[in-house]
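Take the sequence shown: its letter number 56 is residue 44 in the numbering used here, and every next letter is one higher. Glycine included, each C-beta is placed from N, C-alpha and C at the ideal position. Each remark here refers to the structure printed beneath this line.
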Amino acid sequence: MLMTLQLHKQKISLLLFLLTLCLVVTWTLGEPKFFAEIDWVDVIGEGGSAAAMALWIAFILGSRPQGRVTNWLTLGLGVMMVAFWQDALDEFIRLPAEQWWDQWFESIAMPVGILLLTYGLFHWYQEQLKINDTLKKREQLFREHTLFDRITHLSRAEYLNTQLQHMGAKQADDDMALIMIDVAKFSLFNRIHGQAEGDRFLYQLAEFLQLNMREQDLLTRYAADRYAIILPNTHLPQAQIIAQQLQDAVAHFYYRLQKSGDSYVHHILTGTACASGADAINLVSLANASLADNKLSPNVA
(Lines of atoms letter the chains of each structure in order from A and count residues from 1; the text may use other names and numbers.)
(Lines give C-alpha, C1' and ligand atoms only; values in the text may rest on other atoms or scores of the structure.)
Protein backbone atom coordinates (compact mmCIF):
# COMPACT_ATOMS: atom_id res chain seq x y z
CA MET A 1 0.00 0.00 0.00
CA LEU A 2 2.82 2.42 0.87
CA MET A 3 4.43 1.81 -2.51
CA THR A 4 1.16 2.58 -4.28
CA LEU A 5 0.68 5.75 -2.22
CA GLN A 6 4.00 7.00 -3.54
CA LEU A 7 2.43 7.17 -7.00
CA HIS A 8 0.04 9.83 -5.71
CA LYS A 9 2.51 12.17 -3.98
CA GLN A 10 1.14 15.24 -5.77
CA LYS A 11 -2.45 14.57 -4.67
CA ILE A 12 -1.41 13.95 -1.07
CA SER A 13 0.82 17.05 -1.02
CA LEU A 14 -1.98 19.23 -2.39
CA LEU A 15 -4.44 17.94 0.19
CA LEU A 16 -2.00 18.54 3.07
CA PHE A 17 -1.33 22.03 1.72
CA LEU A 18 -5.06 22.89 1.69
CA LEU A 19 -5.54 21.56 5.23
CA THR A 20 -2.55 23.58 6.45
CA LEU A 21 -3.78 26.67 4.61
CA CYS A 22 -7.17 26.44 6.32
CA LEU A 23 -5.47 26.15 9.70
CA VAL A 24 -3.11 29.08 9.11
CA VAL A 25 -5.77 31.41 7.70
CA THR A 26 -8.31 30.57 10.42
CA TRP A 27 -5.71 30.97 13.18
CA THR A 28 -4.45 34.27 11.75
CA LEU A 29 -7.87 35.87 11.28
CA GLY A 30 -9.59 34.47 14.37
CA GLU A 31 -9.01 34.03 18.07
CA PRO A 32 -9.02 30.87 20.19
CA LYS A 33 -12.22 30.01 22.04
CA PHE A 34 -12.31 29.35 25.75
CA PHE A 35 -12.42 25.70 26.77
CA ALA A 36 -15.98 26.05 28.04
CA GLU A 37 -17.15 27.36 24.65
CA ILE A 38 -16.03 24.28 22.72
CA ASP A 39 -18.85 21.98 21.63
CA TRP A 40 -17.15 18.60 21.88
CA VAL A 41 -20.03 16.78 20.23
CA ASP A 42 -19.49 18.88 17.09
CA VAL A 43 -15.74 18.38 17.36
CA ILE A 44 -16.15 14.61 17.43
CA GLY A 45 -18.71 14.65 14.61
CA GLU A 46 -16.92 17.03 12.27
CA GLY A 47 -13.37 15.98 13.16
CA GLY A 48 -14.33 12.32 12.97
CA SER A 49 -15.89 12.88 9.55
CA ALA A 50 -12.70 14.56 8.33
CA ALA A 51 -10.67 11.62 9.65
CA ALA A 52 -13.01 9.19 7.89
CA MET A 53 -12.57 11.08 4.61
CA ALA A 54 -8.79 10.89 5.06
CA LEU A 55 -9.01 7.12 5.65
CA TRP A 56 -11.17 6.63 2.55
CA ILE A 57 -8.71 8.64 0.46
CA ALA A 58 -5.86 6.50 1.79
CA PHE A 59 -7.75 3.34 0.82
CA ILE A 60 -8.36 4.66 -2.71
CA LEU A 61 -4.84 5.92 -3.33
CA GLY A 62 -3.34 2.82 -1.73
CA SER A 63 -5.23 0.39 -3.93
CA ARG A 64 -5.72 2.10 -7.29
CA PRO A 65 -3.41 3.18 -10.12
CA GLN A 66 -3.30 6.72 -11.43
CA GLY A 67 -6.14 7.64 -13.73
CA ARG A 68 -9.41 9.48 -14.23
CA VAL A 69 -11.46 7.44 -11.76
CA THR A 70 -8.86 7.79 -9.02
CA ASN A 71 -8.57 11.53 -9.64
CA TRP A 72 -12.33 12.20 -9.39
CA LEU A 73 -12.83 10.03 -6.32
CA THR A 74 -9.90 11.68 -4.56
CA LEU A 75 -11.01 15.16 -5.58
CA GLY A 76 -14.55 14.66 -4.29
CA LEU A 77 -13.46 13.15 -0.98
CA GLY A 78 -10.70 15.75 -0.64
CA VAL A 79 -13.13 18.68 -0.96
CA MET A 80 -15.45 17.05 1.58
CA MET A 81 -12.54 16.43 3.93
CA VAL A 82 -11.40 20.06 3.77
CA ALA A 83 -14.98 21.19 4.45
CA PHE A 84 -15.24 18.98 7.55
CA TRP A 85 -11.77 20.14 8.63
CA GLN A 86 -12.81 23.80 8.40
CA ASP A 87 -15.98 23.04 10.38
CA ALA A 88 -13.85 21.40 13.10
CA LEU A 89 -11.50 24.39 13.22
CA ASP A 90 -14.48 26.69 13.84
CA GLU A 91 -15.13 24.81 17.07
CA PHE A 92 -11.73 25.90 18.42
CA ILE A 93 -11.23 29.29 16.75
CA ARG A 94 -13.75 32.16 16.58
CA LEU A 95 -13.72 34.14 13.34
CA PRO A 96 -15.01 37.73 13.18
CA ALA A 97 -18.46 38.23 11.66
CA GLU A 98 -16.98 40.07 8.65
CA GLN A 99 -15.13 36.92 7.59
CA TRP A 100 -17.98 35.85 5.31
CA TRP A 101 -15.84 33.37 3.40
CA ASP A 102 -15.97 30.85 6.24
CA GLN A 103 -19.74 30.38 6.12
CA TRP A 104 -19.69 30.46 2.32
CA PHE A 105 -17.03 27.75 2.23
CA GLU A 106 -18.92 25.54 4.67
CA SER A 107 -22.14 25.90 2.66
CA ILE A 108 -20.66 25.36 -0.81
CA ALA A 109 -17.73 22.97 -0.38
CA MET A 110 -19.75 20.00 0.89
CA PRO A 111 -22.30 19.79 -1.98
CA VAL A 112 -19.52 20.43 -4.51
CA GLY A 113 -17.51 17.57 -3.00
CA ILE A 114 -20.54 15.28 -3.12
CA LEU A 115 -21.11 16.13 -6.80
CA LEU A 116 -17.45 15.44 -7.64
CA LEU A 117 -17.52 12.17 -5.70
CA THR A 118 -20.72 11.12 -7.47
CA TYR A 119 -19.12 11.83 -10.84
CA GLY A 120 -16.13 9.72 -9.83
CA LEU A 121 -18.40 6.89 -8.68
CA PHE A 122 -20.17 6.97 -12.04
CA HIS A 123 -16.88 6.43 -13.87
CA TRP A 124 -15.91 3.77 -11.33
CA TYR A 125 -19.21 2.02 -12.14
CA GLN A 126 -18.39 2.17 -15.87
CA GLU A 127 -14.95 0.74 -15.12
CA GLN A 128 -16.50 -2.15 -13.19
CA LEU A 129 -18.81 -2.91 -16.12
CA LYS A 130 -15.77 -3.19 -18.40
CA ILE A 131 -14.04 -5.49 -15.93
CA ASN A 132 -17.16 -7.65 -15.74
CA ASP A 133 -17.25 -7.81 -19.54
CA THR A 134 -13.64 -8.95 -19.52
CA LEU A 135 -14.43 -11.68 -16.99
CA LYS A 136 -17.39 -12.82 -19.08
CA LYS A 137 -15.18 -13.05 -22.17
CA ARG A 138 -12.60 -15.03 -20.24
CA GLU A 139 -15.22 -17.37 -18.80
CA GLN A 140 -16.73 -17.94 -22.26
CA LEU A 141 -13.33 -18.73 -23.72
CA PHE A 142 -12.60 -21.31 -21.02
CA ARG A 143 -15.91 -23.01 -21.68
CA GLU A 144 -15.36 -23.10 -25.45
CA HIS A 145 -11.72 -24.04 -25.68
CA THR A 146 -9.12 -25.88 -23.64
CA LEU A 147 -5.93 -24.81 -25.43
CA PHE A 148 -4.97 -21.74 -23.47
CA ASP A 149 -1.69 -20.01 -23.01
CA ARG A 150 -0.49 -20.53 -19.43
CA ILE A 151 1.12 -17.07 -19.20
CA THR A 152 -1.59 -14.75 -20.51
CA HIS A 153 -4.56 -17.11 -20.00
CA LEU A 154 -5.62 -16.29 -23.55
CA SER A 155 -6.35 -18.78 -26.31
CA ARG A 156 -3.47 -19.63 -28.61
CA ALA A 157 -2.94 -19.40 -32.36
CA GLU A 158 -4.79 -22.67 -33.01
CA TYR A 159 -7.98 -21.19 -31.63
CA LEU A 160 -7.43 -18.02 -33.66
CA ASN A 161 -7.37 -20.00 -36.90
CA THR A 162 -10.44 -22.01 -35.89
CA GLN A 163 -12.39 -18.86 -35.10
CA LEU A 164 -11.39 -17.20 -38.37
CA GLN A 165 -12.71 -20.19 -40.29
CA HIS A 166 -15.89 -20.31 -38.24
CA MET A 167 -16.61 -16.58 -38.42
CA GLY A 168 -15.67 -16.42 -42.10
CA ALA A 169 -18.25 -19.08 -42.94
CA LYS A 170 -20.85 -17.45 -40.70
CA GLN A 171 -20.29 -13.93 -42.06
CA ALA A 172 -19.93 -14.73 -45.74
CA ASP A 173 -21.04 -11.28 -46.90
CA ASP A 174 -19.62 -9.20 -44.05
CA ASP A 175 -16.16 -7.79 -43.58
CA MET A 176 -13.98 -9.04 -40.75
CA ALA A 177 -10.77 -7.39 -39.58
CA LEU A 178 -7.71 -8.64 -37.73
CA ILE A 179 -5.23 -6.59 -35.72
CA MET A 180 -1.79 -8.11 -35.14
CA ILE A 181 0.04 -6.61 -32.15
CA ASP A 182 3.77 -6.78 -31.48
CA VAL A 183 5.45 -5.49 -28.31
CA ALA A 184 8.36 -3.24 -29.28
CA LYS A 185 11.79 -4.20 -27.89
CA PHE A 186 10.35 -6.97 -25.72
CA SER A 187 13.38 -9.23 -26.15
CA LEU A 188 15.58 -6.45 -24.74
CA PHE A 189 13.20 -6.07 -21.78
CA ASN A 190 13.44 -9.82 -21.16
CA ARG A 191 17.24 -9.79 -21.22
CA ILE A 192 17.44 -6.87 -18.79
CA HIS A 193 14.70 -7.83 -16.33
CA GLY A 194 14.40 -11.60 -16.76
CA GLN A 195 11.84 -13.93 -18.23
CA ALA A 196 9.67 -14.02 -15.10
CA GLU A 197 9.21 -10.25 -15.28
CA GLY A 198 8.52 -10.53 -19.00
CA ASP A 199 5.84 -13.17 -18.42
CA ARG A 200 4.25 -11.01 -15.76
CA PHE A 201 4.16 -8.06 -18.16
CA LEU A 202 2.58 -10.15 -20.95
CA TYR A 203 -0.21 -11.19 -18.59
CA GLN A 204 -0.90 -7.62 -17.43
CA LEU A 205 -0.79 -6.32 -21.01
CA ALA A 206 -3.38 -8.93 -22.00
CA GLU A 207 -5.64 -7.73 -19.20
CA PHE A 208 -5.13 -4.10 -20.26
CA LEU A 209 -5.91 -4.84 -23.91
CA GLN A 210 -9.10 -6.65 -22.89
CA LEU A 211 -10.29 -3.56 -21.02
CA ASN A 212 -9.74 -1.40 -24.11
CA MET A 213 -11.50 -3.67 -26.61
CA ARG A 214 -15.09 -3.80 -27.79
CA GLU A 215 -17.34 -6.48 -26.35
CA GLN A 216 -17.62 -8.42 -29.63
CA ASP A 217 -13.85 -8.56 -30.31
CA LEU A 218 -11.68 -11.58 -29.49
CA LEU A 219 -8.10 -11.30 -28.17
CA THR A 220 -5.65 -14.19 -28.52
CA ARG A 221 -1.95 -14.69 -27.94
CA TYR A 222 -0.53 -15.42 -31.37
CA ALA A 223 3.11 -16.12 -30.46
CA ALA A 224 5.77 -14.92 -27.99
CA ASP A 225 5.22 -11.16 -27.61
CA ARG A 226 2.55 -11.01 -30.31
CA TYR A 227 -1.22 -10.81 -29.88
CA ALA A 228 -4.05 -10.95 -32.40
CA ILE A 229 -7.53 -9.42 -32.19
CA ILE A 230 -10.45 -10.55 -34.36
CA LEU A 231 -12.91 -7.73 -35.09
CA PRO A 232 -16.21 -9.03 -36.53
CA ASN A 233 -18.26 -6.76 -38.82
CA THR A 234 -15.45 -4.23 -39.07
CA HIS A 235 -14.11 -2.42 -42.14
CA LEU A 236 -10.42 -1.68 -42.60
CA PRO A 237 -10.56 2.09 -41.80
CA GLN A 238 -12.39 1.37 -38.56
CA ALA A 239 -9.90 -1.37 -37.66
CA GLN A 240 -7.01 1.02 -38.27
CA ILE A 241 -8.60 3.57 -35.95
CA ILE A 242 -9.03 0.93 -33.23
CA ALA A 243 -5.42 -0.21 -33.71
CA GLN A 244 -4.17 3.37 -33.28
CA GLN A 245 -6.32 3.81 -30.17
CA LEU A 246 -4.79 0.65 -28.68
CA GLN A 247 -1.29 1.95 -29.44
CA ASP A 248 -2.09 5.24 -27.71
CA ALA A 249 -3.63 3.45 -24.70
CA VAL A 250 -0.62 1.15 -24.21
CA ALA A 251 1.72 4.16 -24.48
CA HIS A 252 0.04 5.44 -21.28
CA PHE A 253 0.07 2.04 -19.55
CA TYR A 254 2.66 2.28 -16.77
CA TYR A 255 3.86 -1.23 -15.95
CA ARG A 256 5.45 -1.44 -12.49
CA LEU A 257 8.46 -3.73 -12.12
CA GLN A 258 7.89 -6.29 -9.37
CA LYS A 259 11.27 -6.04 -7.63
CA SER A 260 12.20 -2.37 -7.90
CA GLY A 261 8.72 -0.88 -8.18
CA ASP A 262 9.92 1.40 -10.99
CA SER A 263 7.53 2.37 -13.78
CA TYR A 264 8.19 1.05 -17.25
CA VAL A 265 6.39 2.20 -20.40
CA HIS A 266 6.08 -0.18 -23.34
CA HIS A 267 5.00 0.54 -26.89
CA ILE A 268 3.27 -1.72 -29.36
CA LEU A 269 3.27 -1.92 -33.14
CA THR A 270 0.17 -3.03 -35.04
CA GLY A 271 -0.75 -4.42 -38.41
CA THR A 272 -4.31 -4.50 -39.72
CA ALA A 273 -6.06 -6.47 -42.44
CA CYS A 274 -9.63 -6.95 -43.60
CA ALA A 275 -11.39 -9.66 -45.62
CA SER A 276 -14.80 -11.22 -46.07
CA GLY A 277 -16.22 -14.70 -46.28
CA ALA A 278 -13.81 -17.52 -47.13
CA ASP A 279 -10.94 -15.03 -47.50
CA ALA A 280 -10.98 -14.49 -43.72
CA ILE A 281 -8.51 -17.35 -43.24
CA ASN A 282 -5.91 -15.22 -45.06
CA LEU A 283 -6.23 -12.44 -42.49
CA VAL A 284 -3.29 -13.71 -40.43
CA SER A 285 -0.80 -13.51 -43.29
CA LEU A 286 -2.22 -10.16 -44.42
CA ALA A 287 -2.05 -8.68 -40.91
CA ASN A 288 1.49 -10.01 -40.42
CA ALA A 289 2.52 -8.39 -43.70
CA SER A 290 0.99 -5.09 -42.57
CA LEU A 291 2.83 -5.37 -39.25
CA ALA A 292 6.13 -6.05 -41.05
CA ASP A 293 5.61 -2.95 -43.20
CA ASN A 294 4.90 -0.82 -40.15
CA LYS A 295 8.06 -2.10 -38.46
CA LEU A 296 10.06 -0.87 -41.44
CA SER A 297 8.36 2.53 -41.39
CA PRO A 298 10.76 5.42 -40.71
CA ASN A 299 8.23 6.85 -38.24
CA VAL A 300 8.70 3.88 -35.92
CA ALA A 301 11.11 4.63 -33.07
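- With contacts defined as CB atoms closer than 8 angstroms, residue 168 and residue 216 qualify as a contacting pair.
- Here the C-alpha atom of residue 94 lies approximately 27 angstroms from the C-alpha atom of residue -3.
- With contacts defined by Cβ atoms closer than 8 angstroms, residue 73 and residue 108 do not form a contacting pair.
- As DSSP reads the structure, residue 166 sits in a beta bridge with 218, 261.
- Close CB contacts of residue 142 within its chain, under the 8 angstroms cut and outside five residues either way in sequence, are with 129, 136, 194, 207, 208, 209, 215 (chain order).
- In the structure shown, residue 84 falls within a coil segment according to DSSP collapsed to helix, strand and coil.
- DSSP places residue 202 outside both helix and strand once states are collapsed to three, so it counts as coil.
- Look at the stretch 16 to 74 and you find no whole run of beta strand (DSSP E) that is 3 residues long or longer.
- 188 is the residue among 151, 116, 188, 179 whose C-alpha sits nearest the C-alpha of residue 138.
- The continuous beta strand (DSSP E) containing residue 251 extends over residues 251 to 253.
- Residue 166 is not a Cβ neighbour of residue 105, given a cutoff of 8 angstroms.
- Only exposed fits residue 47, as fewer than 16 other CB atoms lie within 10 angstroms of its CB.
- Closest in alpha carbon position to residue 41, among 100, 50, 211, 68, is 68.
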